[in-house]
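> I am attaching a structure below and will ask some questions about it afterwards.
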Amino acid sequence: MKRTAVFVAIMLSMASSLFCQEASLLTNQNRKLFAAYLFENRDYLRAAEEYTFMNAQEQNDTLLYNAGLCYFKMAEFEKANAMLSSLSNQKFQERTRLLQLKIALMQKSSALDSLSHPEFYPTPEINQTYKRLSILNQILNGTIESRATIEQNFNREDVSSLQNFNNSFAHPKKKSPAAAALLSALIPGAGKIYTGNYGDGVTAFLVTGLFAYLTVENVYHGHPFRTWLFGSLAAFFNAGNIYGSFISARNYNVENAHHLENDYDTYLNERDYFVPKEIEEPFK
Amino acid sequence: MRRFFTFIFLLTSLLSAQPELKTHLAYASLLYNQEKYFDAVTEAKRVEFFDSTKQFAFETNFLIAQSYKRGNKLSDAAVYFTKAEINARNQQEFLQSKIEQIKVNILRRAFTQVNNQLDKLESDSRFSGDSSAFKYWRGWNYLFNDEWEKASELFGENDSTAQLKILCEQVQKKKYSVSFAKGLSVVLPGAGQFYTGNYFSGILSLGWNVLWGYVTVKAFNAERTFDGMAIGSLLWLRFYNGNLTNAEKFAKERNEQASDEALQFLQKNYQGPKP
């Protein structure tokens with residue numbers, strides 16, 4: 010009986026201590042489960058903290074990759090790149106390269122070219138993703154020459170859109186600032202109308218025309234002060250209009266390029282940059 | 017005998033599980049009290065994740081929501097107060113989470129949503145004894161919606177909120193009528209600016225309008241019709257319009273200033289319950 014009581018007591022204490030270790034919310038095993046839950050719920054910052062904490066203890070590439078992936082999801086590309094670049098395990102190489110390629114494409118970075126070596130991407134699926142990302146980058150530079158290159162690598166419904174983007178990047182709509190200034194010098198407001206600012210163009214034409222008319226009127230009626238006043242105003246408005254037309258053309262070009270890049274970004278974001286979903290999921 | 021030991025083992029495990037979560041929840045609360053809101057959310061979420069029986073679901077969600085609220089993440093706070101409401105175990109917890117949702121929505125200036133939520137609570141027979149609390153928060157809702165007069169009426173229905181009523185009345189008195197300021201400036205340029213206390217701007221406005229009005233009238237009297245039209249439309253009308261715009265702008269600015277000062281005063285000095 011005594012023996013049994015002692016045995017029960019030992020069992021109880023063992024069970025408690027075993028449980029304490031197992032059930033502690035802060036064991037690395039539980040932290041992993043919790044980090045995966047946070048990642049799934051898009052709480053990437055907390056997930057990154059959990060992975061980073063565990064990695065500091067375990068020095069494990071899986072944890073480091075997952076932490077990098079969290080920062081990638083938060084669009085903190087510098088931190089993500091730093092973590093992904095320090096991975097030594099070969100099994101992460103392909104995914105890491107693809108993520109870095111995507112980051113470079115998203116940031117329109119020149120690092121993209123240095124990552125674009127097919128030998129990094131040996132498996133067919135990864136190779137296909139690499140090719141796509143590489144083509145998307147070439148479209149951004151407007152350097153795709155044949156439609157076939159796009160057709161071979163993308164679905165039919167995406168081909169025409171991508172081809173259009175390629176054409177737009179290769180031959181962007183531009184207005185010449187010099188031509189706009191010259192037009193406005195010849196006919197006040199014409200340069201603004203050339204750059205699509207119709208309201209400004211008509212206003213410039215009317216205001217400059219009005220001051221010019223008042224100048225001429227006052228010349229005929231022999232009012233020298235008013236002639237100088239309205240003449241100066243006409244010259245001032247016209248000079249402003251010529252300069253404004255020059256700037257307007259330059260703004261048109263910048264805005265156009267900006268809109269095109271935004272449209273391209275939106276289009277790629279909607280399709281997740283044609284990168285398979287599993288590449289952006291944490292390793293178990 | 018083996019069954020007996022297995023039973024003992026499971027019982028011990030089960031008894032140990034609760035303190036572990038409870039201790040961790042207390043730790044999360046401690047972090048919240050230390051104003052470490054980010055960490056408080058992390059630890060409360062950890063408890064929520066491992067709490068398979070959902071026994072602490074209300075507490076964890078409530079704590080997460082409060083931490084988000086303190087961290088000024090009001091949308092997240094609203095989501096977690098709603099989760100707390102879903103996990104409420106009794107009428108008191110339900111009401112507590114509802115009121116917290118209302119307070120967050122007041123801060124988010126979701127005026128209509130707050131009114132709808134209060135309407136629902138007022139029509140709920142379970143909370144018929146809490147109507148003064150609902151009126152109180154409705155008052156705050158009007159206050160945040162810049163409707164000080166309505167807020168004052170609601171606070172005036174209860175003696176304990178007389179201080180708020182007086183403050184609302186004071187703010188209302190400080191307010192300028194935008195349409196009156198504009199109307200004054202229509203009749204006499206610059207008068208609207210004088211009304212709002214912007215004397216320098218008022219004098220300037222009056223001066224410009226008198227000058228260009230005089231030049232325009234003089235041009236018409238001298239039968240220089242075109243000059244009169246040009247000066248009248250390009251200069252006089254422009255200054256007259258500017259005068260109207262200024263009167264409206266100054267009145268609105270003064271009103272915003274009065275509201276902001278009152279809200280800041282409430283935030284720093286009011287001792288009663290605040291959103």
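One line per chain: the protein sequences are A and B, in this order. At position 67 of the first sequence the residue is numbered 76 (our numbering), and the sequence of numbers has no breaks. At position 145 of the second sequence the residue is numbered 161 (our numbering), and the sequence of numbers has no breaks. The beta carbon of each residue, even a glycine, is placed where N, CA and C say it ideally should be.
1) Name the residue from A:73, A:279, A:262 whose alpha carbon lies nearest to the alpha carbon of residue 187 of chain A.
2) If you draw a straight line from the C-alpha of residue 140 of chain A to the C-alpha of residue 54 of chain A, how long is it?
3) Would you check if the segment 167-187 of chain B and the segment 230-240 of chain B touch, i.e. whether three or more CB-CB distances between them fall below 8 Å?
4) In whole angstroms, what separates the C-alpha of residue 284 of chain A from that of residue 115 of chain A?
5) Report the rounded CA-to-CA distance for residue 139 of chain B versus residue 148 of chain B, giving the unit in angstroms.
6) Which residues in chain A sit within 8 Å of residue 246 of chain B, going by Cβ to Cβ distance?
7) Tell me the DSSP secondary structure of residue 55 of chain B in three-state form.
8) So within the segment 135-202 of chain B, which uninterrupted beta strand (DSSP E) runs reach at least 3 residues, ignoring any that extend past its ends?
9) For a quick check, are the C-beta atoms of residue 291 of chain B and residue 123 of chain B less than 7 Å apart?
10) Tell whether a beta-carbon distance below 7 Å holds between residue 162 of chain A and residue 144 of chain A.
11) Counting only C-beta atoms, is residue 34 of chain A closer than 7 Å to chain B at any point?
12) Taking Cβ to Cβ, would you say residue 246 of chain A is nearer than 7 Å to residue 216 of chain A?
13) How should residue 26 of chain A be labelled, buried or exposed, when 16 other C-beta atoms within 10 angstroms of its C-beta is the threshold for buried?
14) Keeping to the same chain, check which residues put their C-beta closer than 6 Å to that of residue 37 of chain A; ignore five residues upstream and five downstream.
15) Nearest chain B C-beta to residue 229 of chain A closer than 7 Å, yes or no?
16) Between the alpha carbons of residue 90 of chain B and residue 78 of chain B, how many angstroms are there, rounded?
17) Which of the three DSSP states is assigned to residue 240 of chain B in this structure?
18) Who are the neighbours of residue 60 of chain A on chain B, taking C-beta pairs under 9 Å?
19) What three-state label does DSSP hand residue 91 of chain B in the structure shown?
20) For the segment 249-265 of chain B against the segment 214-224 of chain B, are there 3 or more C-beta pairs whose distance is under 8 Å?
21) In whole angstroms, what separates the C-alpha of residue 195 of chain B from that of residue 276 of chain B?
22) Any chance you could list the beta strand (DSSP E) runs of at least 3 consecutive residues sitting entirely within the segment 261-291 of chain A, in chain order?
23) Just checking: is the beta-carbon of residue 66 of chain B within a distance shorter than 7 Å of some beta-carbon in chain A?
24) Can you check the segment 170-218 of chain A for any alpha helix (DSSP H) of at least 4 residues that lies completely inside it and give the ranges in chain order?
25) Considering only the beta carbon of each residue, do residue 322 of chain B and residue 127 of chain B sit closer than 7 Å?
26) Thinking residue 250 of chain A and residue 213 of chain A are a contact (beta carbons under 8 Å), I'd like their distance in whole angstroms, please.
27) Residues of the segment 41-57 of chain A with a CB closer than 9 Å to any CB of chain B: list them in chain order, please.
28) Which residues of chain A have a Cβ atom closer than 7 Å to the Cβ of residue 62 of chain B, listed in chain order?
29) I think residue 198 of chain A touches residue 224 of chain A, with their Cβ atoms under 8 Å apart; what is that distance to the nearest whole Å?
30) Under 7 Å, Cβ to Cβ, is there at least one residue of chain A near residue 76 of chain B?
31) Mind pulling the chain B residues with CB within less than 8 Å of residue 39 of chain A?
32) Could you tell me whether the Cβ atoms of residue 212 of chain B and residue 270 of chain B are closer together than 7 Å?
33) Helix, strand or coil: how does DSSP classify residue 63 of chain A here?
34) What's the call for residue 85 of chain B, buried or exposed, on a 16-neighbour Cβ count within 10 Å?
35) Residues in its own chain within less than 7 Å of residue 31 of chain A by CB, not counting five upstream and five downstream?
36) Would you tell me roughly how many angstroms separate the C-alpha atoms of residue 65 of chain B and residue 45 of chain B, rounded to the nearest one?
Well, looking at it:
1) A:262
2) 31 Å
3) no
4) 12 Å
5) 13 Å
6) 219, 223
7) helix
8) none
9) yes
10) yes
11) yes
12) yes
13) In this prediction, residue 26 of chain A has a pLDDT of 44, which is less than 50 and means its spatial position is unreliable; what the coordinates show is noted afterwards. Exposed, by the Cβ-count rule.
14) 63
15) no
16) 13 Å
17) coil
18) In chain order: nothing, as chain B lies at least about 13 Å away.
19) helix
20) yes
21) 21 Å
22) none
23) yes
24) 186-195, 199-203
25) With chain B represented from 17 up to 291, any question about residue 322 of chain B goes unanswered, as that position is not in the structure.
26) 4 Å
27) 42, 43, 46, 47, 50, 52, 54, 55
28) 34, 43
29) In fact, because the Cβ distance is near 18 Å, the residues do not count as touching under 8 Å.
30) no
31) 66
32) yes
33) helix
34) buried
35) Below a pLDDT of 50, predicted positions are generally treated as unreliable, and residue 31 of chain A, at 40, falls in that range; the measurement from the model is reported next regardless. Nothing listed; no residue qualifies.
36) 16 Å
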